[in-house]
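Below is one structure; the comments refer to it alone.
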Amino acid sequence: MSCSQRRISILASCAAIVLVFVLSFPAGCGNDDFARPIQQFQSASAVVIGAARQSLQQMNDVEEKSELNRQIFEGEAFDESKIKSKDVISADELNARVNALDQLTRYTSALADLAALKAPAAVAQKFQDVGSGFKALSKDAEKLLGASGSFFDNPKFSGAVQVAAAGIGAVVRAVEERRSRREIEKEIRDHDADVNLLIKLVGDELGLAYQRRKQAESGEGVFLTNSLKLELAKPRGGDPVLRLLVGDRLRAWRNRQPALANADPKPSVDAMQKAHQALVAYLTAGKSPKNLSELLAAAQSFADRVQPLGQAIAALVGNF
Amino acid sequence: MPTKVEMVTQIGDVLTQIDAILSAPNFSPSDPSWQQLFALRKHLDDQQRGLVQEIIEDNTPSFNAVAIELGKAAGSLAQVGQDITKIGTILDTVSLVASLVDKVLNFVA
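Chains Z and W supply the protein sequences, listed in that same order.
Numbering (my numbering) for the first sequence: 122 to 441.
Numbering (my numbering) for the second sequence: 834 to 942.
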């Protein structure tokens with residue numbers, strides 16, 4: 122074999138090896154393909170969890186402030202008991218909802234590790250932690266069943282948590298028992314509707330909380346503009362100091378409106394759900410390039426969706 | 834089929850429109866129509882809170898039928914906009930919305 126023939130042969134062998142590598146690792150099989158969407162998912166989820174906590178934490182304040190504004194505007198005597206009677210959520214209810222979102226994020230993160238071709242044994246601990254987290258959440262949700270006068274549908278929430286916990290428990294068991302990847306994926310697929318039901322329920326509840334805040338803010342606009350109208354209707358335009366005070370509150374109210382328009386966490390939870398679904402589709406349906414591109418798009422869409430939410434929540438902190 | 838969450842959002846849109854009307858510079862709080870609309874606003878706000886709190890099956894034909902009627906009423910209110918000269922129509926439509934929400938609240942399990 123001549124020198125040039127040997128060179129051609131070596132080049133051909135190298136090309137073949139490169140081709141084998143390329144064909145063996147189609148798009149989506151490498152861990153690098155996952156780094157970005159998973160990081161996006163985790164960062165975006167952290168924003169959603171923060172937004173959920175804030176939305177729920179402010180619910181009582183929002184309702185109380187709305188009642189106080191009404192009493193002032195209608196010239197009623199200050200009545201603390203009436204104000205307190207508007208409280209709508211307990212600390213336990215709030216924590217259970219936020220914890221549900223947190224555990225759901227951890228579950229999706231564990232699925233991502235599995236999808237990134239990590240051996241089930243390598244991700245077992247993460248799945249076990251998720252399983253324990255859901256068991257604890259189940260117990261907490263069950264305790265809410267006895268809560269009276271709740272704003273939210275606790276029996277529905279508790280039921281959705283129990284079902285999701287049971288489904289995730291089955292996935293955790295499959296991982297713990299070192300079953301075949303195909304069997305684990307089947308468990309994930311079989312129980313994903315239960316997980317999605319819980320994500321949707323939490324998203325719906327956050328949407329309802331946002332609607333109440335929107336209404337309280339809208340109502341405050343009525344109190345302020347009409348207080349000003351009443352003052353202006355007085356001889357010589359009423360008291361200028363009072364007008365300035367009301368005007369200041371009206372200015373602050375107006376400044377909050379752009380942030381408030383983006384503070385609904387529900388669309389972000391919907392985007393989170395789509396990213397989760399795309400990951401499960403990728404993981405359980407052959408890891409095709411099409412599924413990978415859908416996963417990348419869903420993670421990007423989730424990241425894009427939470428950006429204005431994060432800004433809005435930051436702008437509204439302590440400002441309502 | 835419309836859901837409870839969608840209905841709550843729809844009531845919210847109606848409330849926002851009412852608030853814009855109540856805040857209009859040429860609509861005085863001393864006007865009896867203003868007072869009437871404000872009272873309806875408070876009632877609708879309480880109804881919205883009640884709807885959020887109650888456990889209601891929203892996948893039934895009766896809920897769906899009321900939700901469709903509510904959508905139509907909200908749509909016709911949106912068409913009137915903030916035209917104070919049509920305050921009679923506005924008050925009638927908001928009353929209709931409130932009576933439809935009452936129907937839904939009667940579905941409570």
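Where a beta carbon is used, it is the ideal one built from N, C-alpha and C, also for glycine.
Interface flag, residue i vs chain W, CB-CB below 7 Å
{"i": "residue 194 of chain Z", "result": "no"}
{"i": "residue 339 of chain Z", "result": "yes"}
{"i": "residue 343 of chain Z", "result": "yes"}
{"i": "residue 426 of chain Z", "result": "no"}
{"i": "residue 163 of chain Z", "result": "no"}
{"i": "residue 71 of chain Z", "result": "Residue 71 of chain Z cannot be examined here, being either before or after the span of chain Z that is shown, 122 to 441."}
{"i": "residue 336 of chain Z", "result": "yes"}
{"i": "residue 328 of chain Z", "result": "yes"}
{"i": "residue 332 of chain Z", "result": "yes"}
{"i": "residue 325 of chain Z", "result": "yes"}
{"i": "residue 250 of chain Z", "result": "no"}
{"i": "residue 370 of chain Z", "result": "no"}
{"i": "residue 347 of chain Z", "result": "yes"}
{"i": "residue 351 of chain Z", "result": "yes"}
{"i": "residue 360 of chain Z", "result": "no"}
{"i": "residue 200 of chain Z", "result": "no"}
{"i": "residue 155 of chain Z", "result": "no"}
{"i": "residue 234 of chain Z", "result": "no"}
{"i": "residue 278 of chain Z", "result": "no"}
Cβ neighbours of residue i in the same chain (closer than 8 Å, five flanking residues each side left out)
{"i": "residue 244 of chain Z", "result": "231, 234, 235, 296"}
{"i": "residue 174 of chain Z", "result": "215, 219"}
{"i": "residue 261 of chain Z", "result": "213, 216, 217, 220"}
{"i": "residue 318 of chain Z", "result": "281, 284, 285"}
{"i": "residue 291 of chain Z", "result": "308, 311, 312"}
{"i": "residue 258 of chain Z", "result": "217, 220, 221, 224, 282, 286"}
{"i": "residue 924 of chain W", "result": "866, 869, 870, 873"}
{"i": "residue 895 of chain W", "result": "940"}
Residue interval of the alpha helix (DSSP H) (run including residue i)
{"i": "residue 368 of chain Z", "result": "361-382"}
{"i": "residue 874 of chain W", "result": "865-886"}
{"i": "residue 422 of chain Z", "result": "410-437"}
{"i": "residue 195 of chain Z", "result": "Neither: residue 195 of chain Z is in no alpha helix (DSSP H) and is coded neither H nor E."}
{"i": "residue 305 of chain Z", "result": "302-353"}
{"i": "residue 388 of chain Z", "result": "387-405"}
{"i": "residue 205 of chain Z", "result": "201-205"}
{"i": "residue 894 of chain W", "result": "894-913"}
{"i": "residue 278 of chain Z", "result": "275-297"}
{"i": "residue 442 of chain Z", "result": "Nothing in the structure corresponds to residue 442 of chain Z, since chain Z is present only between 122 and 441."}
{"i": "residue 852 of chain W", "result": "837-855"}
{"i": "residue 937 of chain W", "result": "920-938"}
is_contact[residue i, chain A] using C-beta, thresh 7 Å
{"i": "residue 913 of chain W", "result": "In the structure shown, chain A does not exist; the protein chains are Z and W."}
Same chain, Cβ closer than 7 Å to residue i, five either side skipped, listed in chain order
{"i": "residue 436 of chain Z", "result": "380"}
{"i": "residue 299 of chain Z", "result": "241, 242"}
{"i": "residue 850 of chain W", "result": "910, 911"}
{"i": "residue 256 of chain Z", "result": "286"}
{"i": "residue 444 of chain Z", "result": "The displayed coordinates of chain Z run from 122 to 441. Any statement about residue 444 of chain Z would go beyond what the structure contains."}
{"i": "residue 209 of chain Z", "result": "180, 181, 184, 272"}
{"i": "residue 144 of chain Z", "result": "Note that residue 144 of chain Z scores a pLDDT of 31, beneath 50, so its modelled location is shaky; the value from the coordinates is reported in the next line. Once the five neighbours on either side are set aside, residue 144 of chain Z has no close Cβ partner at all."}
{"i": "residue 464 of chain Z", "result": "An answer regarding residue 464 of chain Z cannot be provided, because it is not within the stretch 122 to 441 covered by chain Z."}
{"i": "residue 189 of chain Z", "result": "204"}
{"i": "residue 263 of chain Z", "result": "279"}
{"i": "residue 147 of chain Z", "result": "Summary for residue 147 of chain Z: the model assigns pLDDT 37, below 50, so the residue's position carries little reliability, and this model does not support an answer."}
Any chain Z beta carbon closer than 7 Å to residue i
{"i": "residue 880 of chain W", "result": "no"}
{"i": "residue 835 of chain W", "result": "no"}
{"i": "residue 865 of chain W", "result": "no"}
{"i": "residue 845 of chain W", "result": "yes"}
{"i": "residue 916 of chain W", "result": "no"}
{"i": "residue 869 of chain W", "result": "no"}
{"i": "residue 886 of chain W", "result": "yes"}
{"i": "residue 842 of chain W", "result": "yes"}
{"i": "residue 893 of chain W", "result": "no"}
{"i": "residue 934 of chain W", "result": "no"}
{"i": "residue 838 of chain W", "result": "yes"}
{"i": "residue 852 of chain W", "result": "yes"}
Beta-carbon proximity list for residue i, same chain, < 6 Å, skipping 5 on both sides
{"i": "residue 310 of chain Z", "result": "405"}
{"i": "residue 927 of chain W", "result": "873"}
{"i": "residue 419 of chain Z", "result": "395, 396, 399"}
{"i": "residue 162 of chain Z", "result": "396, 420"}
{"i": "residue 903 of chain W", "result": "933"}
{"i": "residue 334 of chain Z", "result": "183"}
Practice problem: Would you check if the segment 339-349 of chain Z and the segment 292-306 of chain Z touch, i.e. whether three or more CB-CB distances between them fall below 8 Å? | Solution: Pairwise C-beta distances place the segment 292-306 of chain Z out of contact with the segment 339-349 of chain Z, as fewer than three of them are shorter than 8 Å.
Practice problem: Kindly confirm or deny that the segment 882-893 of chain W and the segment 834-847 of chain W touch, where touching means at least three C-beta pairs closer than 8 Å. | Solution: Contact between the segment 882-893 of chain W and the segment 834-847 of chain W is present, with at least three C-beta pairs closer than 8 Å.
Exercise. Pair every Cβ in the segment 271-279 of chain Z with every Cβ in the segment 317-330 of chain Z, then say whether three or more of these pairs are closer than 8 Å.
Key: Because the criterion of three Cβ pairs below 8 Å is met, the segment 271-279 of chain Z and the segment 317-330 of chain Z touch.
Practice problem: Please determine if the segment 200-213 of chain Z and the segment 361-376 of chain Z are in contact, where contact requires at least 3 C-beta pairs separated by less than 8 Å. | Solution: Fewer than three Cβ pairs drawn from the segment 200-213 of chain Z and the segment 361-376 of chain Z lie within less than 8 Å of each other, which leaves the two stretches out of contact.
Exercise. Could you say if the segment 407-417 of chain Z and the segment 170-187 of chain Z meet the contact criterion of at least three C-beta pairs nearer than 8 Å?
Key: With a cut-off of 8 Å, the segment 170-187 of chain Z and the segment 407-417 of chain Z do not count as touching, because too few Cβ pairs lie within range.
Quiz item: So, do the segment 855-873 of chain W and the segment 911-924 of chain W have three or more beta carbon pairs nearer to each other than 8 Å?
Solution: A contact exists between the segment 855-873 of chain W and the segment 911-924 of chain W.
Quiz prompt | Entirely enclosed alpha helix (DSSP H) segments - the segment 230-270 of chain Z, minimum 4 residues | solution = Inside the segment 230-270 of chain Z, DSSP marks whole alpha helix (DSSP H) runs of 4 or more residues at positions 241-264, from first to last along the chain.
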